[in-house]
Every structure is written in structure tokens, then in C-alpha cells.
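Undergrad: Sharing a structure, written as C-alpha cells. Questions coming.
Residue numbers (my numbering), protein chains in the order written: chain A, 1 to 426; chain B, 1 to 181.
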């Protein structure tokens with residue numbers, strides 16, 4: 001009996017030592033409530049299982065190992081008002097969690113940094129949020145909810161965010177003047193999903209192995225530059241960059257590689273699509289019904305089919321480099337005198353009967369296309385394709401070239417020395 | 001085979017074919033494949049949810065849309081194509097229903113994939129229950145034909161006006177309309 005009692009006491013002691021769950025005696029919310037406006041609350045490491053609400057301008061900073069577990073019908077963190085700062089917190093939500101998002105925000109001038117989310121549904125939901133910044137945030141989902149959802153939220157910045165396995169990395173609707181820089185979205189449905197939002201800036205982002213790298217729909221005056229949209233090819237409808245109902249925007253210097261369709265552009269006008277590198281896609285660029293766009297200085301390399309188009313009017317399409325084009329420069333200006341056209345024959349055929357897509361690049365289809373040549377006014381044409389890939393030349397700095405020649409020269413010298421000294425002397 | 005039997009047999013087979021030919025074929029909507037189906041108009045992936053719609057043409061070709069508004073946009077742009085059947089989903093049960101017999105609710109705060117803000121119900125009762133709980137206006141199939149199908153146009157206009165007022169300032173203040181979702 002004594003042994004049993006000792007054993008019980010021992011087990012009790014052990015359980016006390018290991019009890020890290022909800023380390024604070026006072027609830028986290030009451031600690032938050034006790035902080036005056038403008039104050040800071042440092043949370044000690046441990047697991048906290050309570051949803052918290054932040055409505056005052058305070059700083060909430062978690063020690064390394066601070067974990068918030070949300071298994072409630074409320075979001076793990078609700079932020080309202082203005083100037084709330086949250087740093088260094090890890091949040092996990094349960095499968096049974098019924099809340100619509102792990103973090104729900106409204107108000108202005110908030111800042112979130114070094115926050116990690118593992119979620120079953122949507123990650124961070126912004127409704128009427130303004131001038132708020134997000135930095136160094138990591139979101140991992142299970143393919144169901146969106147990473148960030150923006151509803152009527154303007155002038156926010158998103159920087160250094162990594163998102164994977166969600167529906168859409170960043171989904172925004174009626175949200176203007178938002179900036180996305182240096183973020184990475186992978187293994188999701190759409191990386192960046194712009195809906196009816198103007199003045200969006202997306203620079204230096206990477207979107208990899210998604211159904212669509214960037215789905216840009218219903219926008220004006222946006223800038224999409226220096227992004228890498230790669231390997232978006234797992235789905236039958238996959239593409240690197242989709243521009244639908246996009247107007248007066250700049251699409252510049254992006255690298256769009258290894259996608260099913262590199263760029264898909266429809267119902268777009270007044271855009272400047274320049275200096276993009278579109279390589280190793282099944283279809284380089286697919287264009288339907290575009291007007292008054294500038295498409296120059298882009299390089300289309302190693303795409304199975306570089307150019308498919310229907311119904312283009314008054315576009316300035318010239319001086320692109322197409323490695324699949326027949327080129328002939330008779331006046332030596334570095335520009336080909338043979339225009340490069342996209343015949344709408346195959347696209348129209350596949351639109352009427354989708355199974356005809358099976359004949360993509362089929363020799364018989366190419367023959368038919370040549371025989372039933374579409375009239376010149378139906379063709380979308382690059383009037384003066386470039387003879388050389390100037391984009392590639394720009395990317396090759398002089399130093400790299402001199403190193404190349406240096407290596408060549410040294411190898412020649414070494415070979416000559418080997419021949420000179422290694423030959424059999426008679 | 002006995003010549004006497006051959007004739008009635010042939011007649012019977014012929015009659016069967018005629019009867020089969022006369023019977024009205026019931027057209028069922030094609031199930032949505034979320035992995036491969038995309039909206040014919042906006043190119044977004046179509047989810048098998050309450051907003052999905054479908055058209056079956058007289059030549060048997062079927063098309064899916066992610067929003068009722070996209071379906072109407074397609075019909076407007078392709079008025080030469082003959083639509084045999086159109087289907088929408090019941091908002092509550094997510095089951096397919098004939099578009100002609102459905103009741104519809106339009107309200108700006110209703111979030112639909114392409115922001116056309118129209119949802120469909122099997123009957124008027126379902127639509128009315130939704131309106132009683134959340135608000136909105138009831139539309140019949142006939143009224144839907146004359147619906148303006150604007151993508152939150154008013155809201156966008158309001159936004160633009162506010163932007164014009166404040167444009168040029170880096171720290172632009174922006175207010176939101178009370179009725180926005």
C-alpha cells in the first residue's frame with residue numbers, strides 16, 4: 001500500500017514537472033487587458049489554448065516557443081482598432097476549429113512579424129484593413145483555405161512571406177494599393193489572386209508548383225515585375241501568369257518558366273508587357289481579344305509552341321525574341337524582316353471541340369494549319385522579331401564574358417604545354 | 001430461322017426502336033470535376049459548390065461556369081449558339097436545378113466567385129427564407145434576363161470617386177461604404 005502511495009505521489013510530481021500547457025495562472029486575455037495603450041506584453045514560452053482579442057494599440061511579443069493553439073469557434077487572434085503589433089508567435093489550429101480564419105483583422109496601422117501559422121482553413125483574413133505591414137510570416141495549410149484574404153483592404157504591404165499548401169496564397173477582392181515583395185508561394189492553387197483590385201504592386205515574388213503562378217483578374221494600373229513564376233504545370237489549366245480584364249498595367253522583367261502556358265492574356269488593354277523571359281513552357285503566350293497593348297523586348301525560348309492568338313487589335317507587338325521563328329535580317333539592323341505570326345486555327349478548333357487539343361503540335365495539324373491559312377487580318381503578328389536574344393545579352397555582364405575567354409585561353413595554353421612537353425622526343 | 005417467325009420478330013424490333021426514339025430523353029447535368037473544370041468566361045477553376053452553373057448546348061456540348069453572372073455573359077456573347085438546358089445549384093442543398101424553374105436572390109453583400117452577387121434556390125420559399133435572414137431582392141428567371149449583371153459596379157464607382165478625391169497623397173485615407181461586405 002505504501003509503495004502504491006509513493007508511486008502515486010511520484011507520478012503526480014512528474015506530471016507537475018511536465019505541465020507546460022497554459023503556463024500562466026492568469027489567462028492571456030486578462031494579461032492583455034491589463035497592458036495600457038502603447039505598452040508591451042512579453043509572453044513567456046509555452047502552449048496557450050485560448051483565443052485572444054487585441055483592440056488597444058499594444059505590442060504582443062512572444063518568446064521563442066510561444067504557441068497559440070486554436071480549437072475554438074473563434075479566431076486564434078482577433079485584431080481591431082489601430083497600431084497593434086504582434087511578434088514571434090506560433091499558431092496552430094485544429095481540424096475541428098470552426099472559425100473562418102486563424103487571424104482576423106480590421107482597422108489600420110497594424111504590424112505582424114515573425115508569425116508562423118499551421119492551419120486547416122484560411123490563415124489571415126483582412127477586412128477593411130489599411131496601412132498594415134506583414135513581414136516574415138510562414139503559413140502552411142492543407143489546401144483548403146486561402147493564405148491571406150483581403151477584402152476592401154488598402155495600402156498594405158506584404159514582405160518576405162512564405163506560403164505553401166493553401167488554396168490561394170494571397171486572395172484579394174476590392175483591395176487597392178497593396179504591395180507584395182519578396183514572397184514565396186508554392187504547392188497551392190493560385191499563388192497571387194487579384195480580383196477587382198487596382199494599383200497592385202507585385203515585385204520579386206516566387207510562385208512555384210501552383211496551378212497558376214499569378215491569377216490577375218480585374219485590375220488597372222498594377223505593376224507585376226521581377227517575379228519568378230515557375231513549374232506551374234501540374235494542372236490541365238495551369239499557367240504561369242494569367243491576365244484577364246487587366247488594363248493599363250505593367251508586366252515587366254518576369255521569369256516565366258516550365259509552366260503549361262507561360263502567359264495567358266484575355267480581354268486586356270493598354271498594358272505594357274516588356275522584357276519578360278518566357279522559357280520552356282508548352283505554350284509561351286496565349287492571347288485572346290487584346291487591344292492597344294505593348295508587347296516588346298520579351299524573349300520566348302524553348303517553348304513547345306511559342307505563340308497562340310486570336311482577335312488582337314491595334315497592339316504594338318514587335319522586337320521580341322522568338323527562338324521558334326524563322327528569321328532573316330537583310331538590312332543588318334538586328335531585327336528580322338520576316339514577321340512572326342500566331343495562327344488562330346488551332347485555338348479556334350480546340351475551342352469548338354476541346355478533345356482536339358490532343359492534336360497539339362501534331363504534324364497533320366500543322367499541315368492543315370498551313371493549308372487552311374487564316375487571312376492576314378486575323379493573325380496576331382510580331383512585325384519585327386529580334387535576331388538575337390537581347391534580354392540574355394543584358395543578363396550576361398562583361399565580367400562573365402571576360403572570365404569565359406580567360407578560361408578558354410588558359411585551357412589552350414595548358415593543352416599546348418602538354419603537347420609540347422609531353423610529346424615523345426626522338 | 002422459320003420464315004413465319006422472322007417477320008413478326010423484325011416488326012417487334014422496329015417497334016422497339018420507334019418507341020425508344022419517341023421517348024423524351026431526360027437531360028442530366030454533367031458532374032463538375034474540380035481538378036479539370038474551368039469557367040468558360042473567367043478561366044477560374046470551378047468548384048462543385050452552390051455557385052456553379054452549367055449549360056448544355058443542342059449539339060450536346062456542356063460548359064461550366066463559376067458564377068451565374070459568367071453564364072449570362074457567355075450567353076450574351078454567344079447568342080448564335082443554341083442552349084438546350086441550363087442548370088444552377090440550390091444555395092442550400094448544392095443540388096443541380098433547372099435554371100428556368102429556380103428562384104434567385106440578388107444582394108450586394110452576397111459574396112460570389114466573380115462578384116455578380118446572385119444566388120439560386122430550388123423554389124421561392126428557399127429564396128424568401130434567405131431574404132428574411134440576410135436581406136436581398138427576389139428575382140425570377142424572367143427577371144434575371146433583364147438583370148444588369150454588374151460586378152459590384154456601384155461599389156467600384158464609389159471607390160474610384162474616393163480615390164480621385166484623395167489621389168496624389170501617399171498616405172491616402174479611404175472610407176468604406178456602410179453596405180459593403
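Ideal placement from N, C-alpha and C gives every residue a C-beta, glycine not left out.
Are the beta-carbon atoms of residue 183 (chain A) and residue 205 (chain A) separated by less than 8 angstroms?
TA: Against the first chain, residue 183 (chain A) aligns to sequence position 183. Against the first chain, residue 205 (chain A) aligns to sequence position 205. A contact, by the Cβ cut-off of 8 angstroms.
Undergrad: In the segment 242–276 of chain A, which residues sit with their C-beta less than 9 angstroms from some C-beta in chain B, listed in chain order?
TA: 242, 244, 245, 264, 266
Undergrad: Listing by chain order, which chain A residues have their CB less than 8 angstroms from the CB of residue 35 (chain B)?
TA: To locate residue 35 (chain B), count along the second chain from 1; it is residue 35. Those within 8 angstroms of residue 35 (chain B) in chain A are 235, 236.
Undergrad: Closest to residue 290 (chain A) by CA distance: which of A:284, A:313, A:129 is it?
TA: Position 290 of the first chain holds residue 290 (chain A). Selected option, being the one with the closest Cα: A:313.
Undergrad: What are the boundary residues of the beta strand (DSSP E) that includes residue 209 (chain A)?
TA: Counting from 1 along the first chain, the entry for residue 209 (chain A) is found at position 209. Counting along the chain, residue 209 (chain A) falls outside any beta strand (DSSP E), and DSSP gives it neither H nor E.
Undergrad: So, does the CB of residue 70 (chain B) fall closer than 8 angstroms to a CB anywhere in chain A?
TA: Residue mapping note: residue 70 (chain B) aligns to position 70 of the second chain, counting from 1. No, residue 70 (chain B) does not count as interfacial toward chain A.
Undergrad: Provide the residue span of the alpha helix (DSSP H) that contains residue 29 (chain A), from first to last.
TA: Residue numbering aside, residue 29 (chain A) sits at position 29 when the first chain is read from its first letter. Where residue 29 (chain A) is concerned, the enclosing alpha helix (DSSP H) stretches over 28–34.
Undergrad: DSSP three-state call for residue 76 (chain A): helix, strand or coil?
TA: The count along the first chain starts at 1 and reaches residue 76 (chain A) at position 76. Looking at residue 76 (chain A) - three-state DSSP - the assignment turns out to be coil, as it is neither helix nor strand.
Undergrad: Can you check whether the C-beta of residue 231 (chain A) is within less than 8 angstroms of a C-beta belonging to chain B?
TA: Within the first chain, the letter at position 231 stands for residue 231 (chain A). Not one chain B Cβ lies under 8 angstroms of residue 231 (chain A).
Undergrad: Just reading off the alpha helix (DSSP H) that residue 352 (chain A) is part of, what are its end residues?
TA: Against the first chain, residue 352 (chain A) aligns to sequence position 352. Unbroken alpha helix (DSSP H) run through residue 352 (chain A): 345–352.
Undergrad: Over what stretch of residues does the beta strand (DSSP E) that includes residue 132 (chain B) continue unbroken?
TA: Locating residue 132 (chain B) in the second chain gives position 132, counting from the first residue. No beta strand (DSSP E) contains residue 132 (chain B), which is instead part of the alpha helix (DSSP H) from 124–134.
Undergrad: Please list, in chain order, the residues of the segment 59–83 of chain B that have any C-beta partner in chain A closer than 7 angstroms.
TA: none
Undergrad: Give me the chain A residues within the contact set of residue 4 (chain B), using Cβ-Cβ distance strictly less than 9 angstroms, ordered along the chain.
TA: Position 4 of the second chain, counted from the first residue, corresponds to residue 4 (chain B). Within chain A, no residue comes near residue 4 (chain B); the closest Cβ sits about 49 angstroms away, beyond 9 angstroms.
Undergrad: Could you tell me whether any Cβ in chain B is nearer than 8 angstroms to the Cβ of residue 196 (chain A)?
TA: Numbered from 1 along the first chain, position 196 holds the residue referred to as residue 196 (chain A). So, interface residue.
Undergrad: Can you tell which of A:307, A:32, A:52 has its C-alpha closest to the C-alpha of residue 69 (chain A)?
TA: Taking the first residue of the first chain as position 1, residue 69 (chain A) is located at position 69. Taking only the C-alpha atoms, the option nearest residue 69 (chain A) is A:52.
Undergrad: Assuming residue 100 (chain A) contacts residue 125 (chain A) (C-beta within less than 8 angstroms), just tell me the rounded distance between them.
TA: Position 100 of the first chain, counted from the first residue, corresponds to residue 100 (chain A). Position 125 of the first chain, counted from the first residue, corresponds to residue 125 (chain A). Contact between residue 100 (chain A) and residue 125 (chain A) holds, with the beta-carbon distance rounding to 6 angstroms and staying under 8 angstroms.
Undergrad: Could you give the DSSP three-state label for residue 405 (chain A): helix, strand or coil?
TA: What you label residue 405 (chain A) is simply residue 405 of the first chain in a count that begins at 1. Note: residue 405 (chain A) maps to helix in three-state DSSP.
Undergrad: Express the C-alpha separation of residue 84 (chain B) and residue 56 (chain B) in angstroms, rounding to a whole number.
TA: For the purposes of this step, residue 56 (chain B) is taken as the residue at position 56 of the second chain. For the purposes of this step, residue 84 (chain B) is taken as the residue at position 84 of the second chain. The alpha-carbon atoms of residue 56 (chain B) and residue 84 (chain B) are separated by roughly 6 angstroms.
Undergrad: Need the endpoints of the alpha helix (DSSP H) that residue 141 (chain B) sits in, please.
TA: Sequence index remark: in the second chain, residue 141 (chain B) carries index 141 (1-based). Where residue 141 (chain B) is concerned, the enclosing alpha helix (DSSP H) stretches over 141–145.
Undergrad: Pull the bridge partners of residue 90 (chain A) from the DSSP assignment, please.
TA: Against the first chain, residue 90 (chain A) aligns to sequence position 90. For residue 90 (chain A), the pairing in a beta bridge is given by DSSP as A:67, A:116.
Undergrad: Quick check: what's the CA-CA separation for residue 199 (chain A) versus residue 224 (chain A)?
TA: Against the first chain, residue 199 (chain A) aligns to sequence position 199. Against the first chain, residue 224 (chain A) aligns to sequence position 224. Approximately 10 angstroms between the Cα atoms of the pair.
Undergrad: When we look at the beta-carbon of residue 134 (chain B) and count the other beta-carbons within 10 Å, is it buried (16 or more) or exposed?
TA: Mapped onto the second chain, residue 134 (chain B) falls at position 134. The residue in question, residue 134 (chain B), is exposed, as its Cβ has fewer than 16 Cβ neighbours within 10 Å.
Undergrad: Could you tell me the alpha carbon to alpha carbon distance between residue 47 (chain A) and residue 96 (chain A), rounded to whole angstroms?
TA: The residue labelled residue 47 (chain A) in the question sits at position 47 within the first chain. The residue labelled residue 96 (chain A) in the question sits at position 96 within the first chain. Each residue's Cα considered, the two are about 18 angstroms apart.
Undergrad: Thinking C-alpha only, which one of B:107, B:127, B:31 is nearest residue 49 (chain B)?
TA: Here residue 49 (chain B) refers to the residue found at position 49 of the second chain. The residue with the shortest Cα to Cα distance from residue 49 (chain B) is B:31.
Undergrad: With a threshold of 6 angstroms on Cβ separation, who are the neighbours of residue 208 (chain A) within its own chain once the five nearest residues in sequence on each side are excluded?
TA: Counted from its first residue, the first chain places residue 208 (chain A) at position 208. Closer than 6 angstroms at the Cβ level, and outside the excluded window around residue 208 (chain A), lie 186, 230, 231.
Undergrad: Note down, in chain order, each residue of its chain lying with its Cβ closer than 6 angstroms to the Cβ of residue 251 (chain A), except the 5 sequence neighbours on either side.
TA: Residue numbering aside, residue 251 (chain A) sits at position 251 when the first chain is read from its first letter. Closer than 6 angstroms at Cβ, skipping near neighbours: 224, 273.
Undergrad: Which partner residues does residue 305 (chain A) have in the DSSP bridge list?
TA: Position 305 of the first chain, counted from the start, is the residue given in the question as residue 305 (chain A). Partner(s): A:283.
Undergrad: Thinking just about the alpha-carbon of each residue, which of A:420, A:237, A:226 is nearest to the one in residue 357 (chain A)?
TA: Here residue 357 (chain A) refers to the residue found at position 357 when the first chain is read from its first residue. Closest by alpha carbon: A:237.
Undergrad: Can you give me, in chain order, the residues of the segment 202–213 of chain A that have a beta carbon less than 8 angstroms from any beta carbon in chain B?
TA: 211
Undergrad: Helix, strand or coil: how does DSSP classify residue 177 (chain A) here?
TA: As a working note, residue 177 (chain A) is residue 177 in the first chain. Coil.
Undergrad: Which residues, taken in chain order from the segment 40–53 of chain B, show a beta carbon closer than 8 angstroms to some beta carbon of chain A?
TA: 42, 43, 44, 45
Undergrad: In chain order, what residues of the same chain have a beta carbon less than 7 angstroms from the beta carbon of residue 167 (chain A), not counting five sequence neighbours either side?
TA: Walking along the first chain from the start, residue 167 (chain A) turns up at place 167. Closer than 7 angstroms at the Cβ level, and outside the excluded window around residue 167 (chain A), lie 143, 144, 145, 146, 188, 189.
Undergrad: Hey, would you say the C-beta of residue 229 (chain A) is under 7 angstroms away from at least one heavy atom of the ligand PLP?
TA: With respect to small molecules bound, the structure shown includes none, and the ligand PLP cannot be examined in it.
Undergrad: Rounding to the nearest angstrom, what Cα-Cα distance links residue 176 (chain A) and residue 154 (chain A) in this structure?
TA: For the purposes of this step, residue 176 (chain A) is identified with residue 176 of the first chain, where counting begins at 1. For the purposes of this step, residue 154 (chain A) is identified with residue 154 of the first chain, where counting begins at 1. For residue 176 (chain A) and residue 154 (chain A), the distance between alpha carbons rounds to 5 angstroms.
Undergrad: Can you tell me the Cα-Cα spacing of residue 17 (chain A) and residue 67 (chain A), whole angstroms?
TA: Your numbering for residue 17 (chain A) matches position 17 in the first chain. Your numbering for residue 67 (chain A) matches position 67 in the first chain. Caution applies to residue 17 (chain A), whose pLDDT of 45 falls short of 50 and renders its modelled position unreliable; the value that the coordinates give is listed next. Distance between the alpha carbons of residue 17 (chain A) and residue 67 (chain A): 19 angstroms.
Undergrad: Using the DSSP secondary-structure output, state which residues sit across from residue 419 (chain A) in a beta bridge.
TA: Taking the first residue of the first chain as 1, we reach residue 419 (chain A) at position 419. BP columns for residue 419 (chain A) are empty, so no partner.
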